[in-house]
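As given, the protein sequences belong to chains A and B, one line each in that order. Here our numbering is used: the first residue of the first sequence is 1, the next is one more, and so on. Here our numbering is used: the first residue of the second sequence is 197, the next is one more, and so on. We treat Cβ as the ideally placed atom computed from N, Cα and C, and that holds for glycine. Keep in mind the model is a prediction, meaning the values are calculated, not measured. Before any comments, here is the structure.
Number of protein chains: 2
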Amino acid sequence: MADPITELVGLLSRLPGVGERTAARLAYHVLGGSPDYAHALGQALSEIHGRVRRCERCKNYTSESVCRICLDPRRDPHSICVVARPQDLAALERGSAFRGHYYVLHALLSPLDGIGPDALDFASLLTRIREDAVTEVIVATPLSVEGEATALFLAQELRALGVRCTRIASGLPHGGELEYTDQVTLARALDGRREL
Amino acid sequence: MADPITELVGLLSRLPGVGERTAARLAYHVLGGSPDYAHALGQALSEIHGRVRRCERCKNYTSESVCRICLDPRRDPHSICVVARPQDLAALERGSAFRGHYYVLHALLSPLDGIGPDALDFASLLTRIREDAVTEVIVATPLSVEGEATALFLAQELRALGVRCTRIASGLPHGGELEYTDQVTLARALDGRREL
Numbered sequence: 001m002a003d004p005i006t007e008l009v010g011l012l013s014r015l016p017g018v019g020e021r022t023a024a025r026l027a028y029h030v031l032g033g034s035p036d037y038a039h040a041l042g043q044a045l046s047e048i049h050g051r052v053r054r055c056e057r058c059k060n061y062t063s064e065s066v067c068r069i070c071l072d073p074r075r076d077p078h079s080i081c082v083v084a085r086p087q088d089l090a091a092l093e094r095g096s097a098f099r100g101h102y103y104v105l106h107a108l109l110s111p112l113d114g115i116g117p118d119a120l121d122f123a124s125l126l127t128r129i130r131e132d133a134v135t136e137v138i139v140a141t142p143l144s145v146e147g148e149a150t151a152l153f154l155a156q157e158l159r160a161l162g163v164r165c166t167r168i169a170s171g172l173p174h175g176g177e178l179e180y181t182d183q184v185t186l187a188r189a190l191d192g193r194r195e196l
Numbered sequence: 197m198a199d200p201i202t203e204l205v206g207l208l209s210r211l212p213g214v215g216e217r218t219a220a221r222l223a224y225h226v227l228g229g230s231p232d233y234a235h236a237l238g239q240a241l242s243e244i245h246g247r248v249r250r251c252e253r254c255k256n257y258t259s260e261s262v263c264r265i266c267l268d269p270r271r272d273p274h275s276i277c278v279v280a281r282p283q284d285l286a287a288l289e290r291g292s293a294f295r296g297h298y299y300v301l302h303a304l305l306s307p308l309d310g311i312g313p314d315a316l317d318f319a320s321l322l323t324r325i326r327e328d329a330v331t332e333v334i335v336a337t338p339l340s341v342e343g344e345a346t347a348l349f350l351a352q353e354l355r356a357l358g359v360r361c362t363r364i365a366s367g368l369p370h371g372g373e374l375e376y377t378d379q380v381t382l383a384r385a386l387d388g389r390r391e392l
């Protein structure tokens, strides 16, 4: 049987951004702390997959069959914002700038990694669009190669159906300095300029 | 009932060096990963306090009643190295520079925090010293205020018993530059100079 501390350090070091040394520090911290905390954290981790499922409508994480956002009558069901991951949805919700509904892809197109349109569950997005008479789909996938490829794919498919498809803006961030901004972002900021 | 993700983020953010954002990143990583991993990590954390106890002789973490170091016949039982925490012992063992036995205090004197000699379990260290006819106690507590206070306390008590008590050296670390070394360390390095 492996040494329990070594075993715990090994498991902790598989977390993102946690190396062997940090994992050891965390393990010793837990061991030096209260058993109640260790147990509560262990329990929460063990149970997380069982307690969290995907919303039937938007695929966001939820503990019910349909999430709170999808059930909220004050939100506009005719506008859907498409994101790659639940944490992207959470980031948008922190600002409450968007009052429509969401759809979480849980994947991005990446031909080099063999991830094609099948991975996106595009069919249930189409069902949503039809059932809720959606008028606009805002594609808020990241501004990465995969995010852009996915946005282009969605735009093609949705325009063929006559649904308006928009992309979140690319440009300088709030407080951004031109001097320290990369050329692609500068070109996009110029390209996306608006009337003053 | 609280949202399971929020609950997990709250528990993770109590780990050292883990803020709210890192905790959220870890939680989403675990949720996006395999349930088997989440379960294994949760199990390891839940069980760690039950599977790890303190060695009856040296108080180091072990899964048996007496740890491997205390049972190792090739090690010298007449020399004891006193450390504050199990991770300090682990650091010394990585270098295998010390071939004697250990004693883990699990505390340091800190009069300002109300931590006096009672917290150190000095009595069982004394029993060890007597039973094993220990000839030298090397105090390897940290070079902090609390570590130094604890070292002075141990030196006083042990000298009264006629046991040789030494302190690990203080000076420039391996590869250390004088230019970037603080004044206390420089003074100590001069003070602890040895014949060449």
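Check                                                                                                                             : Outcome
Own chain partners of GLU342 (chain B) with C-beta closer than 7 Å, once the 5 adjacent residues on each side are dropped         : LEU304, LEU305, SER306
Within 8 Å of chain B by C-beta, residues of the segment 34–46 of chain A in sequence order                                       : PRO35, TYR37, ALA38, HIS39, ALA40, LEU41, GLY42, GLN43, ALA44, LEU45, SER46
Cβ distance (whole Å) where SER261 (chain B) is taken to contact GLU252 (chain B) below 8 Å                                       : 5 Å
Identity of the residues DSSP links to HIS78 (chain A) by a beta bridge                                                           : BP columns for HIS78 (chain A) are empty, so no partner.
Chain B contact for PRO111 (chain A) (CB, 8 Å cutoff)                                                                             : no
Terminal residues of the alpha helix (DSSP H) in which ARG130 (chain A) lies                                                      : 122–131
Where TYR28 (chain A) meets chain B, residues with beta-carbon distance less than 8 Å                                             : ARG281, PRO282, GLN283
In chain order, each alpha helix (DSSP H) run of at least 4 residues that lies wholly inside the segment 261–307 of chain B       : 264–267, 282–291
Enclosing alpha helix (DSSP H) for ARG167 (chain A) [first to last residue]                                                       : Where ARG167 (chain A) is concerned, there is no enclosing alpha helix (DSSP H), although the beta strand (DSSP E) it sits in stretches over 164–167.
Cβ-heavy atom distance, LEU301 (chain B) to the ligand NAP, below 7 Å                                                             : Summarising the ligand content, the structure contains no ligands, and the ligand NAP is consequently not present.
Through-space distance from GLY358 (chain B) to PRO313 (chain B), alpha-carbon basis                                              : 20 Å
Terminal residues of the alpha helix (DSSP H) in which VAL9 (chain A) lies                                                        : 4–12
Residues of its chain near VAL198 (chain A), where Cβ-Cβ distance is below 8 Å and the 5 sequence neighbours each way are ignored : The requested residue 198 (chain A) is not part of the displayed model; chain A covers only 1 to 196.
Exposed unless 16 or more other CB atoms sit within 10 angstroms - verdict on THR6 (chain A)                                      : exposed
Anticipated Cβ contact below 8 Å, LEU172 (chain A) with CYS165 (chain A), distance rounded                                        : Actually they are not in contact, since the Cβ atoms of LEU172 (chain A) and CYS165 (chain A) sit about 24 Å apart, beyond 8 Å.
Extent of the continuous alpha helix (DSSP H) run through ILE244 (chain B)                                                        : 231–247
Residue from A:GLU93, A:ARG21, A:GLY100, A:VAL83 with nearest C-alpha to PHE122 (chain A)                                         : A:VAL83
Selected residue, minimal CA-CA separation from HIS297 (chain B), among B:LEU237, B:LYS255, B:ALA315, B:ASP309                    : B:LYS255
Alpha-carbon spacing of HIS39 (chain A) relative to ILE48 (chain A), whole angstroms                                              : 14 Å
Cα-Cα separation, THR381 (chain B) to HIS29 (chain A)                                                                             : 28 Å
Residue closest to LEU237 (chain B), alpha-carbon to alpha-carbon, out of A:VAL139, A:PRO4, A:ILE69, A:PRO77                      : A:PRO4
Counted within 10 angstroms of its Cβ, other Cβ atoms place ALA287 (chain B) as buried (16 or more) or exposed                    : exposed
Straight-line gap, SER79 (chain A) to PRO86 (chain A) (C-alpha atoms, nearest Å)                                                  : 18 Å
Listed by chain order, chain B residues near HIS174 (chain A) by CB distance under 7 Å                                            : What HIS174 (chain A) touches in chain B: nothing, since even the nearest Cβ is about 18 Å away.
Contact belief for LEU339 (chain B) with SER320 (chain B) at Cβ below 8 Å, rounded distance in angstroms                          : Not really, about 25 Å apart at Cβ, beyond 8 Å.
Same chain only: Cβ atoms within 6 Å of TYR103 (chain A), ignoring 5 sequence neighbours per side                                 : CYS58, ILE80, VAL82, LEU125
Sequence-distant residues of its chain with Cβ nearer than 7 Å to LEU89 (chain A) (five each side left out)                       : ASN60, VAL83, TYR102, VAL104
Contact under 8 Å by Cβ, LEU241 (chain B) with LEU45 (chain A)                                                                    : yes
Element boundaries [alpha helix (DSSP H), containing VAL184 (chain A)]                                                            : 183–191
Cβ of PRO142 (chain A) within 8 Å of any chain B Cβ                                                                               : no
THR22 (chain A) versus A:GLY33, A:VAL9, A:GLU157, A:VAL137, residue with shortest Cα-Cα distance                                  : A:VAL9
Rounded C-alpha distance that separates LEU196 (chain A) from HIS174 (chain A)                                                    : 17 Å
Listed by chain order, chain A residues near SER259 (chain B) by CB distance under 9 Å                                            : MET1, ASP3, PRO4, ILE5
Cβ shell of CYS263 (chain B) (< 7 Å), same chain only, five flanking positions each side left out                                 : CYS251, CYS254, ASN256
Cutoff 8 Å: VAL52 (chain A) Cβ touching any chain B Cβ                                                                            : yes
Own chain partners of ILE138 (chain A) with C-beta closer than 6 Å, once the 5 adjacent residues on each side are dropped         : CYS81, THR166
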